[in-house]
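Right, one structure below, let's go through it.
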Amino acid sequence: WKDKIAVAWDVYDVIGRAKETYGKRLSKRNAKIILDEILDHNDAEYGISWQTIDWGIESFFDI
1 WKDKIAVAWD VYDVIGRAKE TYGKRLSKRN AKIILDEILD HNDAEYGISW QTIDWGIESF
61 FDI
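Throughout the sequence shown, residue numbering follows full-length UniProt numbering, covering 1 to 63 in sequence.
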């Protein structure tokens, strides 16, 4: 990794955001489903942000 960088999101980011922002509880399994959906729709031009995480949570819960 000497010549590389990476930004990583994990299930705990999604779980925490769902609870703090939406009052929703998520299992690690469901948080991973959300992360996978975000990755499938990722636009490298914009990256992944908290707004993207919100989109994933809102889509999952149909908010």
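We put the CB at the ideal spot given by N, CA and C, even for glycine.
CB of residue i to nearest heavy atom of the ligand ZN: below 7 Å?
| i | result |
| --- | --- |
| W9 | As presented, the structure is devoid of all ligands, the ligand ZN included, so that no description of it is given. |
Please name the residue, chosen from the options, that lies closest to residue i on a Cα-to-Cα basis.
| i | options | result |
| --- | --- | --- |
| F61 | E45, E37, K24 | K24 |
| R17 | L35, H41, G47 | L35 |
| W50 | A8, K28, W1 | A8 |
| E37 | I53, S27, Y22, Y46 | I53 |
Please report the straight-line C-alpha distance between residue i and residue j, rounded to a whole angstrom.
| i | j | result |
| --- | --- | --- |
| L39 | N30 | 14 Å |
| K32 | E20 | 18 Å |
Indicate whether residue i and residue j have their beta-carbon atoms separated by less than 8 Å.
| i | j | result |
| --- | --- | --- |
| I57 | Y22 | yes |
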